[in-house]
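A.B. asks: Please see the structure below; I have some questions.
Chains as they are written, first to last, in this note's numbering: chain A, 1 to 146; chain B, 147 to 329.
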């Protein structure tokens, strides 16, 4: 087995596009589930079959989130640059969720606001952490003459 | 380019750096796996590199890449040995009863036979050694790793590594003498 054989077999794992695709899948599932959950929670007196349909859709969305999260933590972990891209995608996803929440549940106050705020804080923290990690690695790279 | 710089570049996500890392270390990984298993095993080598890809983003000390890599390789080899010879496999991670404090530190000189024995005979003699002794010889002499790195890889104190090396050299000398080489 040559180094090129090894690299060929690892090709899929090393593909940045695939890692980012998993992030997008996870975020899309999360935003979709959260918006449906918000609609369900703020809409009074929904028919039972509508509730069941919402529950199924939320389960599907969360399943994609679990798959994407598993992939980027266990299967194809994110490198520093991927984490920065994922951080910005997370912030964009939160913006979509916040905008969707305003449309889906206008005028609603209380705990939905807390949820939207908490997700926003989580997105910002993840992005800042990714930027710091990448900066530290870039500094170290420069120190080592790279 | 230093290993630390290569690893940092890999952690940043530079794909060409990973290719360079594989080209630099693949031979050592393959050699270790082959010597420890007594035959080449592409699946184990592949498993090692997969684990490296997964673990690299979380490696906190890029300058300690070599011991980290061999720790992964060792785990993969142990898994394969367990699968193959579950009831009789010799555990690699248990310190020997004879090792520990109080054992005199051997003088560090290469085996006298090293210079005159051909590669094939040395490989045969190495294969005849017990797994623990073979492992420390591979790591210390063939891979040129320092004692503390060997200790980290094997999960034992440095003193234990020294005593294993001492015993390994003696066993290797005996094995080569048995095969007709003068010590």
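All residues carry an ideal CB built from backbone N, CA and C; glycine is no exception.
1) For residue 250/B, collect the residues of the same chain with a Cβ closer than 7 Å to its Cβ; drop the 5 residues on either side in sequence, then sort them by chain order.
2) Here's a check: name, in chain order, each residue in its chain whose Cβ is nearer than 6 Å to the Cβ of residue 176/B, leaving out the five neighbours to either side.
3) State the CB to CB distance for the pair residue 100/A and residue 35/A, rounded to an integer number of angstroms; the pair is presumed to be in contact (CB under 8 Å).
4) Measuring only the C-alpha atoms, how far is residue 308/B from residue 32/A?
5) Just checking, does the region 162–178 of chain B make contact with the region 2–14 of chain A on the three C-beta pairs under 8 Å criterion?
6) Taking 7 Å as the line, does the beta carbon of residue 129/A fall inside it for any heavy atom of the ligand ZN?
7) Applying a beta-carbon distance threshold of less than 8 Å, which residues of chain A neighbour residue 176/B?
8) Output needed for residue 257/B: all residues of its chain with C-beta closer than 7 Å, excluding positions within five of it in sequence on either side, in chain order.
9) Would a check of beta-carbon distances place residue 114/A closer than 8 Å to chain B?
10) Do you know offhand how far residue 102/A's Cα is from residue 41/A's?
11) Along chain A, which residues have their Cβ under 9 Å away from the Cβ of residue 158/B?
12) Is the beta carbon of residue 187/B closer than 8 Å to that of residue 179/B?
13) Answer with yes or no whether the minimum CB distance from residue 16/A to chain B is below 8 Å.
14) Is there a C-beta anywhere in chain A that falls below 8 Å from the one on residue 197/B?
15) Applying the criterion that 16 or more other CB atoms from any shown protein chain within 10 Å of the CB defines a buried residue, is residue 82/A buried or exposed?
16) Evaluate contact between the region 84–93 of chain A and the region 46–53 of chain A, counting only Cβ atoms and requiring at least three cross-stretch pairs below 8 Å.
17) Assign residue 114/A to buried or exposed, taking buried as 16 or more other Cβ atoms, counted over all protein chains shown, within 10 Å of its Cβ.
18) Under 8 Å Cβ to Cβ from residue 107/A, same chain only, skipping five residues before and after it: list those, please.
19) Taking all protein chains shown into account, decide if residue 282/B is buried (16 or more other Cβ within 10 angstroms of its Cβ) or exposed.
20) Residue 164/B to residue 287/B, Cα distance in whole Å?
21) Run the CB neighbour count on residue 321/B, radius 10 Å, all protein chains shown included, and call it buried at 16 or more, exposed below.
22) Taking 8 Å as the threshold (beta carbon to beta carbon), is residue 256/B in contact with chain A?
23) On a Cα-Cα basis, can you pick out the residue from 300/B, 310/B, 305/B, 326/B that is closest to residue 216/B?
C.D. replies: With the given structure in hand:
1) The count along the second chain starts at 1 and reaches residue 250/B at position 104. Bear in mind that a pLDDT of 35 at residue 250/B, under 50, signals an unreliable position, so the number given afterwards is only what the model happens to contain. Nothing listed; no residue qualifies.
2) For the purposes of this step, residue 176/B is taken as the residue at position 30 of the second chain. Closer than 6 Å at the Cβ level, and outside the excluded window around residue 176/B, lie 191.
3) Residue mapping note: residue 100/A aligns to position 100 of the first chain, counting from 1. Residue mapping note: residue 35/A aligns to position 35 of the first chain, counting from 1. Between residue 35/A and residue 100/A the Cβ distance is about 5 Å, and since that is below 8 Å, they are a contact.
4) Position 162 of the second chain, counting from 1, holds the residue named residue 308/B. Position 32 of the first chain, counting from 1, holds the residue named residue 32/A. Taking the straight line from one Cα to the other gives about 60 Å.
5) yes
6) Annotation note on the ligand ZN: not contained in the displayed structure, which lists no ligands.
7) Locating residue 176/B in the second chain gives position 30, where the first residue counts as 1. Residues of chain A passing the Cβ test: 1.
8) If you number the second chain from 1, residue 257/B lands on position 111. Confidence in residue 257/B is poor, its pLDDT being 46 and thus under 50, which makes the residue's placement too unreliable to answer from.
9) Mapped onto the first chain, residue 114/A falls at position 114. Residue 114/A does not count as touching chain B.
10) Looking up residue 102/A in the first chain gives position 102. Looking up residue 41/A in the first chain gives position 41. Computed Cα separation, rounded: 14 Å.
11) Locating residue 158/B in the second chain gives position 12, where the first residue counts as 1. Neighbours of residue 158/B on chain A, chain order: 79, 80, 81, 134, 137, 138, 141.
12) If you number the second chain from 1, residue 179/B lands on position 33. If you number the second chain from 1, residue 187/B lands on position 41. Closer than 8 Å, so yes.
13) Here residue 16/A corresponds to residue number 16 of the first chain, with the count starting at 1. Yes, contact with chain B.
14) As a first step, residue 197/B must be located in the second chain, where it is residue number 51. No - not a single Cβ of chain A is within 8 Å of the one on residue 197/B.
15) Here the question's residue 82/A lines up with position 82 in the first chain. Burial call: buried.
16) no
17) For this step, residue 114/A is matched to residue 114 along the first chain. Classification for residue 114/A: exposed.
18) Mapped onto the first chain, residue 107/A falls at position 107. For residue 107/A, where only same-chain residues beyond five positions count, there are no Cβ hits under 8 Å.
19) Residue 282/B sits at position 136 when you count from the first residue of the second chain. Under this definition residue 282/B is a buried residue.
20) Stepping through the second chain from its first residue, residue 164/B is reached at position 18. Stepping through the second chain from its first residue, residue 287/B is reached at position 141. About 26 Å.
21) If you number the second chain from 1, residue 321/B lands on position 175. Per the 10 Å Cβ criterion, buried.
22) Sequence index remark: in the second chain, residue 256/B carries index 110 (1-based). Unreliable positioning characterises residue 256/B in this predicted model, as indicated by a pLDDT of 43, which lies under 50. The coordinate reading is nonetheless provided below. Not one chain A Cβ lies under 8 Å of residue 256/B.
23) By 1-based counting over the second chain, the position of residue 216/B is 70. Selected option, being the one with the closest Cα: 300/B.
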